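Taking the numbering used here, the leading residue of the sequence shown gets 168, the next gets one more, and so forth. Glycine residues also receive a C-beta, built at the ideal position from the N, C-alpha and C atoms. This structure is a prediction, so every number in the text was calculated from the model and none was measured. Okay, so here's the structure we're looking at.
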Amino acid sequence: MFETLIQKLQEDRYLTLETTPQHEPSMHNIIEKIKKFKIDTKVDGFTCTDNPLAKLKYSSLFAALKLQQEFKKPVIATVAMRDRNKIALQSDLLGANDFDIRAILALTGDPANMSDQPNTKGVYEANSLMLLKMIKSFNYGMDFAGRPFKIEPKQIFPFAVVNAYAKNFGSLEKKMNQKIQNGAVGIITQPVFDIENVKKLLEYFENAKENVDGEKKKAQLILGLFPITKLRTALFLSAQVPGIHVPQFWIDELEKAHSISEEEEYKVGMQLSQNLYREINKIHPKIHLMTANNKFDVASEIIG
Numbered sequence: 168m169f170e171t172l173i174q175k176l177q178e179d180r181y182l183t184l185e186t187t188p189q190h191e192p193s194m195h196n197i198i199e200k201i202k203k204f205k206i207d208t209k210v211d212g213f214t215c216t217d218n219p220l221a222k223l224k225y226s227s228l229f230a231a232l233k234l235q236q237e238f239k240k241p242v243i244a245t246v247a248m249r250d251r252n253k254i255a256l257q258s259d260l261l262g263a264n265d266f267d268i269r270a271i272l273a274l275t276g277d278p279a280n281m282s283d284q285p286n287t288k289g290v291y292e293a294n295s296l297m298l299l300k301m302i303k304s305f306n307y308g309m310d311f312a313g314r315p316f317k318i319e320p321k322q323i324f325p326f327a328v329v330n331a332y333a334k335n336f337g338s339l340e341k342k343m344n345q346k347i348q349n350g351a352v353g354i355i356t357q358p359v360f361d362i363e364n365v366k367k368l369l370e371y372f373e374n375a376k377e378n379v380d381g382e383k384k385k386a387q388l389i390l391g392l393f394p395i396t397k398l399r400t401a402l403f404l405s406a407q408v409p410g411i412h413v414p415q416f417w418i419d420e421l422e423k424a425h426s427i428s429e430e431e432e433y434k435v436g437m438q439l440s441q442n443l444y445r446e447i448n449k450i451h452p453k454i455h456l457m458t459a460n461n462k463f464d465v466a467s468e469i470i471g
């Protein structure tokens with residue numbers, strides 16, 4: 168299952184869909200929405216977020232297990248450094264391994280002070296590079312302290328993230344290089360909205376791989392795609408979210424449509440998003456599709 172996913176990532180077209188577990192003790196509603204739009208037949212796998220914005224949600228690892236069992240598709244479980252020390256991280260990796268949850272997206276995590284839980288403190292023993300190093304240790308049959316396991320874990324496939332935009336793209340190249348050197352098989356970008364931005368990211372990613380050897384050379388950049396169907400979303404992302412660049416022409420087109428009607432606004436935003444999806448598929452068909460609040464109807468329309 169995972170070997171097939173990685174092979175598609177390295178050699179073929181690749182498409183994953185982000186799911187966000189909810190503030191409830193069940194994955195039933197998400198599973199039913201995926202079935203309703205038959206989106207499981209259109210993607211190669213899923214990801215599960217891990218308490219984004221430090222807001223309490225259903226566990227990403229259990230969510231991955233539920234989706235994997237239901238759809239027989241590989242799921243990449245996000246694990247944030249914010250909430251776990253190195254004991255808890257490794258304990259989770261061991262338990263997940265037993266249930267064949269073996270693709271892990273390593274994140275540092277949003278700040279704990281954003282949480283909806285009172286007086287929450289972040290753990291942050293280190294950033295996501297430490298989790299990548301832990302996974303590397305597991306893949307060599309030992310824990311992070313160098314102690315061999317009596318039973319070797321099944322291979323774990325680590326993923327990482329990177330911003331989609333920076334004033335100094337050299338800083339992104341350095342971060343990509345560090346993550347590739349520490350074993351990331353795929354690096355997912357923040358959402359992109361401009362094909363020129365995409366080309367620049369691909370150029371810097373190739374530079375980041377120049378001084379790596381062996382299997383690490385096979386690491387791939389995965390382009391994040393987030394459909395925008397409202398002007399206010401474009402304005403918020405452009406002004407408030409670091410590492411994302413929404414081009415002015417998107418804002419201008421959505422502004423004109425917004426002045427006509429809500430329906431026109433949606434239509435124009437969807438057209439812009441679909442055009443970008445098609446353009447990316449022409450030059451680098453390795454995409455991670457994200458939506459706000461599990462809007463799988465929007466995701467399905469984008470894929471077509």
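Cα-Cα separation, residue i to residue j
i, j, result
"A244", "N218", "12 Å"
"L184", "I201", "10 Å"
"E373", "L234", "33 Å"
"K341", "A375", "7 Å"
"N357", "P409", "Before going on, a small fix: residue 357 reads as Gln here, not Asn. C-alpha separation (whole angstroms): 10 Å."
"A312", "G289", "23 Å"
"P452", "E430", "30 Å"
"K300", "I347", "11 Å"
"M194", "K209", "20 Å"
"S428", "L368", "35 Å"
"E446", "D310", "43 Å"
"A459", "S282", "18 Å"
"I469", "N448", "12 Å"
"T400", "K434", "15 Å"
"L339", "K239", "35 Å"
"S304", "R251", "18 Å"
"A331", "S405", "12 Å"
"R249", "P278", "7 Å"
"Q284", "T275", "19 Å"
"E420", "Y225", "37 Å"
"L443", "N196", "29 Å"
"K203", "Q174", "28 Å"
"T214", "G337", "28 Å"
"P394", "A424", "16 Å"
8 Å contact criterion, which residue i and residue j should meet: CB distance rounded
i, j, result
"Q387", "G353", "5 Å"
"F360", "P414", "6 Å"
"L143", "G212", "Absent from the model: residue 143. The displayed extent of the chain is 168 to 471, so no value can be given."
Option nearest residue i by Cα separation, candidates the options
i, options, result
"I323", "L443, P241 and F416", "P241"
"L261", "V210, G308 and E468", "G308"
"P325", "K383, E237, V379 and I362", "K383"
"T216", "L232, G337 and P394", "L232"
"L439", "T396, L456 and D464", "T396"
"F316", "A247, L298, N264 and D277", "N264"
"H412", "N364, V246, L274 and E432", "N364"
"S295", "V246, E422, A255 and K175", "V246"
"V255", "Q236, E292, K423 and T186", "The sequence given here has Ala at residue 255, not Val. Measuring from the Cα of A255, the nearest candidate turns out to be E292."
"F441", "E422, I418, E432 and A466", "Per the sequence shown, residue 441 should be read as Gln rather than Phe. That would be A466, whose Cα lies nearest to the Cα of Q441."
Three-state secondary structure (DSSP) of residue i
i, result
"F360", "coil"
"E422", "helix"
"A375", "helix"
"V328", "strand"
"G436", "helix"
"S322", "According to the sequence displayed, residue 322 carries Gln and not Ser. Reduced to three states, the DSSP call for Q322 is coil."
"Y181", "strand"
"I411", "coil"
"M309", "strand"
"K397", "coil"
"G353", "strand"
"G381", "helix"
Please specify which runs of the beta strand (DSSP E), each continuous and at least 3 residues long, are wholly inside the stretch 208-289, giving them in chain order. 212-215, 242-247 and 270-274
Alpha helix (DSSP H) segments (min. 4 residues) lying fully within the stretch 183-211: 195-203
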